[in-house]
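*Asks:* Residue numbers (the UniProt record's numbering): 1 to 725.
Think of the CB as a built atom: it goes at the ideal place given N, C-alpha and C, for glycine as much as any other residue.
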C-alpha cells in the first residue's frame, strides 16, 4: 500500500483566511481537550440512502462506501490534519457505556480508495455477537502535507421500516448516536435531504429541530436533484427549499444543493464528477439558485466560512470552558497531594494533613471562623460547608450545649421540688422560680435531655418526714435542735439526678467533638478515603476511646464530695444565703404575729390576706425548718459549683483543650516507616486517578495556552472581541 494520496487541491478550498485559528482548534484536539470541552466539528446526518456518504466523499475526496441501503452501522469520524509527516491512525473508540479499551488498527498507508475496506474491517471487529449496530466509533485520523484541519463525522442513517438487518433495537442505537453528536452546541449539523423523497417523509429534519431548536447551526444539503421530474411540483418544492423560502423548514445557515455521482458514474474521476454537476446546474430552473448555494466548490467555501464564524462566535465560551475544567483538575490534584512512594513523600503528605488539622481545630476551639471550612455567616445550603454546619463551628455548639446542660440541671436536677407553704410565697427551692425560659435557639438541644421532672412534695409532707428522721437520728444536741447530718442527707437525696444528667451531657459533647474531628479530616484529606479511614481507625478513634473513661473518672471525682464528703461551703456566702432565706420566713411569722396581736395597725385588706397564710409548724421539736433551709441553701450553692466544674474541669480540661493534639506534625515526625505506610500509602485507584488528572491537566493547560493569544485580539467579521475577565 502506498502513502497518503488525497486531492490536496480540493481540500485546499476548505482553508480559511484565518488558518491560524483553525490550527488552534486542531491543537486543542491534539492535546485531548475535546474530551472535556465541545470543539467545533461537522456532523453529517440524514435518512438512510439520502446521499450522506456521497456528500462526505465530494467534500473530502476520500472514497466512502455509497451503496444503496444502509452503508454504515456505526459512527465514523474522519479527521484530516495538516502535518509535516505522513501518518494514518485508525482506532475504534469504545462507547461511554463500554468497558473495553481502545482497539487499534494497523494501517500504515492510505489512499482515497481505502476507506470502504477499512470500514468493512472495522465492522467485523465492532459488530460482535450478531449485533446490528454499534455505539463504538471508528476514528480515522489522516495527517500529511497540504491537508486542511477538518473533522467530519458520518453517522448511520435514520430508518423507518424494520427488517432482519434493521431492528427496533438498532433504531435506538442510531438515535443515541445522533443525540451524542447533534446535541453538542459547538457542532455544525449538515442535514442531508434527498430530493428523491418528499421532505415531510424524511426523519432528519425532525431530529434537527429536537437538538437544534432554533436551527442556528444547521446547514441543509439537498442531494439527488437530478432524479426530480423536470417541471414537476416536487421540483418546484425543492427549488423553494433550496432558496430557503419554505417557512416550515427555514434554516439560519440556509440550504445548499449538490448533484453527486449517479450509480453508473462511480468510476468517473472527481474532475468529471464536478464538471457533470456544473452542467446540471445550468439547466432548467436550477440557475435561479444563487451560485453560492449550489455545487461542491461553493459548499467547501461555505463550510470553511461557517466553521470559522462558528469558532469566532464561541471562542470566548470555549476559553471559559477550558479554564473551568483546568481549575477543576487543579483542585482535585491539590486534594490528592503529591505522589507518595518514598519515606519522605509519605511523611510530607501526613505532615500537611496534620498541620491543617492543628490550625483549623485550634481555630474551632478558639471560635475563629474565618476559614472557608466553617462556611461563613450565610453558607450556601448547596455547598458541602452547609452539611453539619453547627458541628463545624465547634466552640459555638459546645457553648450552647453547656447552656442547655445548665438549664436542664437547674430545672430537673433535684429529686423533688418542695412546694411553697403559702401560694405566692417563696418557701422551698426559691431560685427555681427565677430560672428564665429557655431561648428558642436552645430548645432543639434541651429536647435531647430527656429526663423526668422532679417529684413535687408539700412543705408539710417534707417537714413531717424530717421530724421522723430527726427523732431517729438524735445525738447529744440540745433539745429543740436537730442533727445537721439530716440536712446533709437531704441535700444528697436532692442532688442524686446530677450524675445521670452530667454523664449524658459528657456523652453528647464527646460525640459532638468526635463528629467535628471526623468532618475536619474528611474535608482536609478529600477523596483519599483510604488514608482517611486509616487515620480515623488508628489515631482518632483510639483518642476518643481514651477520653471516654477519662471523662467518667473526672465526673466521679467531681461528684465524690457531694455524694460522701463533708459540706465545706464558704462561711460568708453560706451565712448570707441562709440568712436571706430565714429572713423571708421570719417576715411571714412577724406579719402573722401582728395580725393576731396588733390588728389595729393593719388595713382590712391586709388582715384578710394574712388570714390565708398557714402558720408555721410550732409543734416541731427539732427545728426541721432550719434543716430545710440549710439543705436548700447548700444545694443552690453546690449546683452552681458543680455545673462550672463539669464544664471547665471535665469538658474543657479533659477534652476540648486536647482536640488540636489529636493529630499533630510532632506525632507524624515520630512515626516509623511501617506506620507511615499504613496511614498514607496510596491505593492503586488513587495512583491511577492522579495519573489521569495530571494528563488531563496538561492537555487543558496546553489548550488554554493555544487560546490565550486570542483573548485580547479583535476578530475579523462580526465576532465579538475576546476580553479576559
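Does the Cβ of residue 523 have 16 or more other Cβ atoms within 10 Å, making it buried, or fewer, making it exposed?
*Replies:* It counts as buried.
*Asks:* Assuming residue 227 and residue 254 make a contact with CB atoms under 8 Å, what is their CB distance in whole Å?
*Replies:* In fact, because the Cβ distance is near 22 Å, the residues do not count as touching under 8 Å.
*Asks:* Give the straight-line distance between the Cα atoms of residue 416 and residue 456, rounded to the nearest whole angstrom.
*Replies:* Cα to Cα, residue 416 sits roughly 5 Å from residue 456.
*Asks:* Between the Cα of residue 260 and those of 249, 269, 273, spot the shortest distance and give me the residue it belongs to.
*Replies:* The residue with the shortest Cα to Cα distance from residue 260 is 273.
*Asks:* In angstroms, rounded to a whole number, what distance separates the CA positions of residue 502 and residue 665?
*Replies:* In a straight line, the C-alpha of residue 502 is about 34 Å away from that of residue 665.
*Asks:* I'd like the list of long-range same chain contacts for residue 346, defined as Cβ closer than 6 Å, with 5 residues on each side in sequence excluded.
*Replies:* Excluding positions up to five away in sequence, the list reads 340, 676, 680.
*Asks:* So residue 558 and residue 646 are supposed to be a Cβ contact under 8 Å. How far apart are they, rounded?
*Replies:* Confirmed, Cβ separation roughly 6 Å.
*Asks:* Have a look at residue 702 and residue 315 and give me their C-alpha separation to the nearest angstrom.
*Replies:* Their backbone Cα atoms lie some 16 Å apart in a straight line.
*Asks:* Under a three-way DSSP split, which group does residue 731 fall into?
*Replies:* Absent from the structure is residue 731, since the part of the chain shown begins at 1 and ends at 725.
*Asks:* For residue 627 and residue 490, which I take to be in contact (beta-carbon distance under 8 Å), what is that distance rounded to the nearest angstrom?
*Replies:* Residue 627 to residue 490, Cβ: 7 Å. Contact.
*Asks:* Output needed for residue 299: all residues of its chain with C-beta closer than 6 Å, excluding positions within five of it in sequence on either side, in chain order.
*Replies:* For residue 299, where only same-chain residues beyond five positions count, the Cβ hits under 6 Å are 256.
*Asks:* Rank 528, 550, 520, 555 by C-alpha distance to the C-alpha of residue 540 and give the top, closest one.
*Replies:* Looking at the Cα atoms, 520 is the closest of the given residues.
*Asks:* Taking buried to mean at least 16 other C-beta atoms within 10 Å of its own C-beta, is residue 88 buried or exposed?
*Replies:* Buried.
*Asks:* Please state whether the Cβ-Cβ distance between residue 151 and residue 79 is less than 9 Å.
*Replies:* It is a contact, given that the beta carbons lie within the stated cut-off.
*Asks:* Over what stretch of residues does the beta strand (DSSP E) that includes residue 209 continue unbroken?
*Replies:* Counting along the chain, residue 209 falls outside any beta strand (DSSP E), though it belongs to the alpha helix (DSSP H) covering 204 to 211.
*Asks:* Measuring straight from C-alpha to C-alpha, what distance separates residue 198 and residue 234?
*Replies:* In a straight line, the C-alpha of residue 198 is about 8 Å away from that of residue 234.
*Asks:* Within the same chain, show all residues whose beta-carbon is closer than 6 Å to that of residue 405, passing over the 5 residues directly before and after it, in chain order.
*Replies:* Correct list, in chain order: 505.
*Asks:* Tell me the start and end of each unbroken beta strand (DSSP E) in the region 144 to 201 that is at least 3 residues and wholly inside, in chain order.
*Replies:* With a minimum length of 3 residues, the continuous beta strand (DSSP E) runs that stay inside the region 144 to 201 are 150 to 154, 187 to 194.
*Asks:* Between the region 33 to 43 and the region 198 to 215, do at least 3 Cβ pairs fall closer than 8 Å?
*Replies:* Result no; under three Cβ-Cβ pairs closer than 8 Å.
*Asks:* Measure the CB-CB distance between residue 367 and residue 395 and report whether it falls below 9 Å.
*Replies:* In this structure, residue 395 lies closer than 9 Å to residue 367 by Cβ.
*Asks:* To which residues of the same chain is residue 122 closer than 7 Å at the C-beta, ignoring the five residues directly before and after it?
*Replies:* Correct list, in chain order: 92, 138.
*Asks:* Count the C-beta pairs between the region 550 to 566 and the region 647 to 665 that are closer than 8 Å, then say yes if the count reaches three, no if not.
*Replies:* Contact between the region 550 to 566 and the region 647 to 665 is present, because at least three Cβ pairs lie under 8 Å.
*Asks:* Which of the three DSSP states is assigned to residue 737 in this structure?
*Replies:* Residue 737 cannot be examined here, being either before or after the span of the chain that is shown, 1 to 725.
*Asks:* Could you check if residue 635 is buried or exposed, using at least 16 other CB atoms within 10 Å of its CB as the buried criterion?
*Replies:* By the 10 Å Cβ count, residue 635 comes out buried.
*Asks:* Could you give the DSSP three-state label for residue 243: helix, strand or coil?
*Replies:* Residue 243: coil per DSSP, three-state reduction.
*Asks:* Between which two residues does the alpha helix (DSSP H) containing residue 306 stretch?
*Replies:* Residue 306 -> alpha helix (DSSP H) spans 296 to 336.
*Asks:* Grouping DSSP H, G and I as helix and E and B as strand, with all else coil, what is residue 489?
*Replies:* Note: residue 489 maps to helix in three-state DSSP.
*Asks:* I need the DSSP call for residue 121, collapsed to helix, strand or coil.
*Replies:* Three-state result, residue 121: helix.
*Asks:* What did DSSP end up calling residue 41 once you bin it into helix, strand or coil?
*Replies:* Residue state, collapsed to three classes: strand.
*Asks:* Out of 487, 159, 73, 515, which has the shortest C-alpha to C-alpha gap to residue 741?
*Replies:* Residue 741 is absent from the model: the chain starts at 1 and stops at 725.
*Asks:* On a CA-only basis, which of 48, 694, 225 is nearest residue 336? Give me that one, please.
*Replies:* The option with the nearest alpha carbon to residue 336 is 694.
*Asks:* So, using beta-carbon positions, are residue 726 and residue 258 closer together than 9 Å?
*Replies:* Residue numbering for the chain in the displayed model covers 1 to 725; residue 726 lies beyond these limits and cannot be assessed.
*Asks:* With a threshold of 7 Å on Cβ separation, who are the neighbours of residue 291 within its own chain once the five nearest residues in sequence on each side are excluded?
*Replies:* So the qualifying residues of the chain are 298.
*Asks:* Please go through the same chain and pick out, in chain order, the residues whose beta-carbon is closer than 8 Å to the beta-carbon of residue 134, but skip the five residues on each side of it.
*Replies:* Counting only Cβ-Cβ distances below 8 Å, and skipping sequence neighbours, we find 73, 74, 95, 126, 127, 173.
*Asks:* Pick from 280, 517, 565: whose alpha carbon is nearest that of residue 296?
*Replies:* Minimum Cα distance to residue 296 is reached at 280.
*Asks:* Could you name the residues that DSSP lists as bridge partners for residue 80?
*Replies:* DSSP output for residue 80 lists 142, 150 as bridge partner(s).
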